[in-house]
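Protein chains in written order, with the numbering used here: chain V, 235 to 553; chain Y, 178 to 478. Virtual Cβ for every residue (Gly too), placed ideally from N, Cα, C. As the structure is a prediction and not an experimental result, all values here were calculated from the model. Report on the following structure.
Below you can see the structure in the form of structure tokens.
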């Protein structure tokens, strides 16, 4: 805005800076609390008053990945000495790692849910962005009868509440055996993200001058070659941004996953809340699981920062 | 679609005669997506439209009986469904108003020479990118009456947030405001930065007061983008499921999506839930229509 001139304006500007800093701290406080709880010993997670200064521990992450049971009696000296460092952390918390008959460490449900999230989010992103880019090019470069109506139809499928779509999908999946499968979720997320990807990619492709392809056509390229060799490289940034948005949406999705999966193909969002049972939950383990789950999205948000506006407005507003 | 016209190429030209024709490329690029969306979005909806006229229950093997409009009549006459809609409306109003006040307010603060503005903006945008279900879950700990940091920071003692039926909906809305104010802020910032500087300079020369400048210059010019943010957030708040479902199980927070979920997947009243889904669907499509109109309006500017 206008350059700072008077003393009064300077004071106002300083006040604005201080308020922005305070507001940012308030907004980040819940995320900070997740991160700090993920490194707390269990007995410090729920203290009155809340514990702010403590010696960080890695034990919540060990507990997150292993199946544990309560210790009836403290481990013998030899048992404790023979255990690897991470197992000792579990002993210290009054629990022991469950091992199979052959001594293999039993994993908790978390790693497989995390893997499921990765498989489903990555595959559906590749499909949605791939199909979306072709379709966006079609809409951008050729005249399509009823284009506005088709684009509205494409977008409206995304706007429906997940539960509304999930009821018939559940019945259909049950009939063909797609419930609780990766493929079932991948199809749902691809359909969900496809509309978004068409809208966003159309904006990016609209910005590439048609003259580039026309020059290539004159040089003897076919339309297909022009698309792959001229348009796709030009649209690379747009494709990357769209892919990250689709990945985040699929990664975070909860309602479809809750309804369509229960074990084999379950993703992390419905799994993590299911760990807060009726008893006293171990918030340090929940926090460590949450932190690992949020990390990819937090990193992507920083990479995406210049495209956030565009993505969140379906490509309509750009800077 | 079959009679569509080509744009850039003259079909008789040399370029057009090489490789596939533009028309077949267009069809190859567009039709699979349309077919995919019809098969996985429209067909299921037709399927559930059919079930909405029956007394089908997915939990039993009994054949579905055609009951005509009975489900719709029962739903519209059911006072409990109207309670769910009232709760949803209350939730939409509280959370959208909160998001606009906080989001637009922060955008006004940020719209000046502030050191590290880019970094602060990105940090402020973080909450809306995170998973509602997973982060929302953690708010249970933050709201805890005895050891939650919210009561501790505000000095509220053992104030009940989620287990108090009168407070729970506001607690859910507060978490939603935390998550989505950044969205309103992001769009408002775009609107604010598009206001031409010379308008402010002219107002300053005319010695216009800051309130006058705000209401006569800033607000009218930001209004269209702010409107997009409001309609989009209204639509999303109307559909809300994750947060309310995870944070509480109070009857006072049973928004329409939760009612629908329970009816379909806990009570297994499949036919009835398909009818309710259609009532919700029509409402959402109406809002979507307004939203898309606004999007196109802003796009054309």
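Taking the alpha helix (DSSP H) that residue i belongs to, which residues open and close that run?
i, result
"residue 358 of chain V", "344 to 375"
"residue 382 of chain V", "381 to 393"
"residue 445 of chain V", "444 to 452"
"residue 330 of chain V", "Unbroken run through residue 330 of chain V is the beta strand (DSSP E), 329 to 331; no alpha helix (DSSP H)."
"residue 407 of chain V", "396 to 410"
"residue 541 of chain V", "Counting along the chain, residue 541 of chain V falls outside any alpha helix (DSSP H), and DSSP gives it neither H nor E."
"residue 325 of chain V", "319 to 326"
"residue 440 of chain V", "416 to 440"
"residue 339 of chain V", "Element bounds for residue 339 of chain V: n/a, residue is neither H nor E."
"residue 508 of chain V", "502 to 508"
"residue 442 of chain Y", "433 to 442"
"residue 457 of chain V", "457 to 460"
I want to see whether chain Y comes within less than 7 Å of residue i, judged by CB atoms only; does it?
i, result
"residue 410 of chain V", "no"
"residue 467 of chain V", "no"
"residue 558 of chain V", "Because chain V in this structure spans residues 235 to 553, residue 558 of chain V falls outside the shown range and cannot be described."
"residue 365 of chain V", "yes"
"residue 253 of chain V", "yes"
"residue 464 of chain V", "no"
"residue 537 of chain V", "no"
"residue 503 of chain V", "yes"
"residue 240 of chain V", "no"
"residue 550 of chain V", "yes"
"residue 531 of chain V", "yes"
"residue 527 of chain V", "yes"
"residue 266 of chain V", "no"
"residue 284 of chain V", "yes"
"residue 402 of chain V", "yes"
Considering only the alpha carbon of each residue, which of the options lies closest to residue i?
i, options, result
"residue 516 of chain V", "V:368, V:454, V:268", "V:268"
"residue 404 of chain V", "V:392, V:259, V:491, V:311", "V:491"
"residue 314 of chain Y", "V:419, V:264, V:529, V:470", "V:264"
"residue 308 of chain Y", "V:393, V:394, V:543, V:525", "V:525"
"residue 512 of chain Y", "Y:458, Y:412, Y:366, Y:270", "The requested residue 512 of chain Y does not occur in the structure, where chain Y is confined to residues 178 to 478."
"residue 483 of chain V", "V:331, V:384, V:363, V:409", "V:363"
"residue 351 of chain V", "V:531, V:550, V:543, V:552", "V:531"
"residue 538 of chain V", "V:501, V:477, V:527", "V:477"
"residue 543 of chain V", "Y:403, Y:442, Y:429", "Y:403"
"residue 321 of chain Y", "Y:312, Y:311, Y:334, Y:310", "Y:334"
"residue 222 of chain Y", "Y:459, Y:463, Y:473, Y:475", "Y:459"
"residue 257 of chain V", "Y:298, Y:232, Y:272", "Y:298"
"residue 567 of chain V", "V:317, V:480, V:461", "With chain V running from 235 to 553 in the structure shown, residue 567 of chain V is simply not present."
"residue 342 of chain Y", "Y:429, Y:439, Y:232, Y:316", "Y:429"
"residue 421 of chain V", "V:313, V:536, V:378, V:356", "V:356"
"residue 441 of chain Y", "V:398, V:335, V:312", "V:398"
"residue 290 of chain Y", "V:243, V:425, V:551", "V:243"
"residue 199 of chain Y", "V:408, V:455, V:411", "V:455"
"residue 450 of chain Y", "Y:407, Y:461, Y:436", "Y:436"
"residue 534 of chain V", "Y:225, Y:305, Y:219, Y:292", "Y:305"
"residue 267 of chain Y", "Y:283, Y:201, Y:415", "Y:415"
"residue 330 of chain V", "V:247, V:494, V:308, V:272", "V:308"
"residue 306 of chain V", "V:327, V:344, V:488, V:266", "V:327"
Please look up how many angstroms separate the CB atoms of residue i and residue j, rounded, as I've assumed it's under 8 Å.
i, j, result
"residue 369 of chain V", "residue 409 of chain Y", "So it is not a contact: roughly 23 Å between Cβ atoms."
"residue 324 of chain V", "residue 358 of chain V", "Residue 324 of chain V to residue 358 of chain V, Cβ: 36 Å. No contact."
"residue 260 of chain V", "residue 324 of chain Y", "Going by Cβ atoms, the distance from residue 260 of chain V to residue 324 of chain Y rounds to 19 Å, so no, they are not a contact pair."
"residue 361 of chain Y", "residue 295 of chain Y", "In fact, because the Cβ distance is near 19 Å, the residues do not count as touching under 8 Å."
"residue 354 of chain V", "residue 416 of chain V", "6 Å"
"residue 302 of chain V", "residue 505 of chain V", "Incorrect: roughly 17 Å between the Cβ atoms, too far for contact."
"residue 457 of chain Y", "residue 402 of chain V", "Going by Cβ atoms, the distance from residue 457 of chain Y to residue 402 of chain V rounds to 14 Å, so no, they are not a contact pair."
"residue 412 of chain Y", "residue 468 of chain Y", "6 Å"
"residue 287 of chain V", "residue 286 of chain Y", "Between residue 286 of chain Y and residue 287 of chain V the Cβ distance is about 31 Å, and since that is not below 8 Å, they are no contact."
Along the chain, where does the beta strand (DSSP E) containing residue i start, and where does it finish?
i, result
"residue 565 of chain V", "Absent from the structure is residue 565 of chain V, since the part of chain V shown begins at 235 and ends at 553."
Any beta carbon of chain V sitting closer than 7 Å to that of residue i?
i, result
"residue 184 of chain Y", "Annotation note: pLDDT 48 at residue 184 of chain Y (below 50); position unreliable, no value reported."
"residue 243 of chain Y", "no"
"residue 275 of chain Y", "no"
"residue 387 of chain Y", "no"
"residue 269 of chain Y", "no"
"residue 203 of chain Y", "yes"
"residue 475 of chain Y", "yes"
"residue 361 of chain Y", "no"
"residue 302 of chain Y", "yes"
"residue 217 of chain Y", "yes"
"residue 414 of chain Y", "no"
"residue 224 of chain Y", "yes"
Are the C-beta of residue i and some C-beta of chain C separated by less than 7 Å?
i, result
"residue 315 of chain Y", "Of the protein chains in the structure, V and Y, none is chain C."
Which runs of the beta strand (DSSP E) fall wholly inside the region 357 to 407 of chain Y and span at least 3 residues, in chain order? The qualifying runs do not exist here; there are none.
To test your reading of the DSSP string, which unbroken alpha helix (DSSP H) runs of 4 or more residues are found completely within the region 203 to 282 of chain Y? Whole alpha helix (DSSP H) segments, 4+ residues: 220 to 228, 247 to 254.
Contiguous alpha helix (DSSP H) assignments of at least 4 residues, all confined to the region 250 to 280 of chain V: Listed in chain order, they are 276 to 279.
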